[in-house]
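Here the structure is laid out as structure tokens; the discussion comes afterwards.
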Amino acid sequence: MQVFPVFLPHHGCPHRCCFCDQRRTTQRFSAPAPPRIESSLADMIPEDGQGEGEIAFYGGTFTLLPLAEQEALLNLALGYVDRGLVSGIRVSTRPDALEAHQVEFLTRHAVTTVEIGAQSFDDRVLKAAGRGHDASCTLDAVERLRKSGVKVGLQLMPGLPGGSFDEALFSLLTAFEARPDFLRIYPTVVFPGTELESLWRRGLYRPWSLNEAVDICADMLKECRRHSMPVIRLGLQQVASLEHGGVAAGPHHPAFGQLVRSRLWFRALMRLLSPLKNKVQPFRVRVSKADLGDILGHRRTNIEKLRSLVPGLVFETSSDLRREHLTVADQVFCLDSLLQRNPKEERHESICG
Ligand code: SF4
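379 is the number that the working numbering gives to position 334 of the sequence shown; each next residue is one higher, with no gaps.
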């Protein structure tokens, strides 16, 4: 689904979660004035398009804006829906700003998708992050939206203070129970000027290393695939304000999503190739061209590690292979079936870089 984003950083938000710097993550420092929003929508949305996609108001707590402001923004977007240029409207907000009257207001104004910052389903972690709501509040909000026919996206932040690998998986499994339509997963990073930075500098918070974050997010992605749960984003989108000191600490990487997908491929290929350890004759694995980048890994790290195991390993691309499938000696394997092998050994094998 194509999204035409309008960023309203911190707009409407009465909170200061310990990790949050919306201005840096959205690279917007104030909410644009309505004429500016209008002209940027006009630039983004093609007049002769298919009418697919949603106008999305991101970065703030939409449902806590003054009602007149919500109404003005939604009416602006509704003009595009009425003309058949987009299919709907999306907003992002907090779980505790989705009471029945707020959901009813959204549906009355043709909002089709709501993205909720859930972050965690562990009340201790939510408290430590200063979120100001508990897990049951998120579950109730999702239920209300689903009953109203609104699609729901949940954002999770593994690695918050008090969090752990187990907590991240617990939060993910709880998110599945709420049955959202999609997830975003952002491992916690430390932004300058936040309370989290102060905790980190005082030695009261240890961010995950990049390797740890990739590993747990690979576990999470594997579970999402098993539950057919779409993940529309893994890691922060790279914007200029995140470069050169924009992140004080933590597992930020401009290609985080690729690192995670490559880690899954590494695990799958380890399953397949381990029996061939130290075989030096050419060993050909045919893969789909679309998967080759993830299979080789960022800066070819996967292939180098795999070749240290099987020196004769060669990857060839094949146009007749479906994505996420590979063949070895005319036998076809798929990524998911390989990942389901020997799950108990997986974590041990994957922490390799
Ligand atoms: S509720 Fe959202 S916008 Fe407000 S401080 Fe927390 S993360 Fe930032």
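Beta carbons: idealized from backbone N, C-alpha and C, even for Gly.
- Looking at S216, R224, D264 and L86, the one whose alpha-carbon comes closest to that of V195 is R224.
- In this structure, H146 has its beta carbon at no less than 7 Å from each heavy atom of ligand 1.
- In terms of side-chain proximity, the C-beta atom of H60 is found nearer than 7 Å to a non-hydrogen atom of ligand 1.
- Contact between G204 and A258 holds: CB atoms are separated by about 6 Å, below the 8 Å threshold.
- In this structure, G207 has its beta carbon at no less than 7 Å from each heavy atom of ligand 1.
- Counting only the Cα atoms, F52 lies some 30 Å from E212.
- Shown here, H272 sits in coil according to DSSP, grouped into three states, outside any helix or strand.
- If only uninterrupted beta strand (DSSP E) runs of at least 3 residues are considered, those enclosed by the stretch 54-142 are 99-103 and 133-138.
- Cβ-Cβ separation between L279 and F64: approximately 17 Å, too far for a contact (criterion under 8 Å).
- Here the alpha carbon of V235 sits roughly 28 Å from the alpha carbon of D226.
- Per DSSP, S364 lies in no alpha helix (DSSP H) segment and is marked neither H nor E.
- With a contact defined as Cβ atoms closer than 8 Å, L384 and K267 qualify at about 6 Å.
- At least one heavy atom of ligand 1 lies less than 7 Å from the C-beta of H55.
- With fewer than 16 other beta carbons inside 10 angstroms of its own, R367 counts as exposed.
- When C-alpha distances from L110 are compared across S85, R331, W245 and S137, the shortest belongs to S137.
- Between ligand 1 and G162, a heavy atom-to-CB distance of less than 7 Å is present.
- Counting C-beta atoms within 10 angstroms of its own C-beta, G208 has 16 or more neighbours from the protein chains shown and is therefore classed as buried.
- Spatial neighbours of L119 in its own chain (CB-CB distance under 6 Å, excluding positions within 5 residues in sequence) are listed in chain order as H154.
- Going by beta carbons, D179 and D168 fall inside the 8 Å limit.
- Collapsing the DSSP output to three states places F311 in a helix.
- Under the three-state reduction of DSSP, L199 is assigned to strand.
- A294 carries a strand assignment under DSSP once its states are collapsed to helix, strand and coil.
- Not a single heavy atom of ligand 1 lies less than 7 Å from the C-beta of R229.
- Taken atom to atom, the span from the alpha-carbon of P54 to that of F102 is near 10 Å.
- With a cut-off of 8 Å on Cβ pairs, the stretch 341-354 is in contact with the stretch 302-318, counting three or more such pairs.
- The DSSP-derived three-state label of L304 is helix.
- Between R135 and T158, the C-beta gap is smaller than 8 Å, which places the two residues in contact.
- The beta carbons of R316 and D260 sit no closer together than 8 Å.
- In the three-state DSSP reduction, G338 falls in the helix class (H, G or I).
- C379 is classed as exposed because its beta carbon has fewer than 16 other beta carbons within 10 Å across all chains shown.
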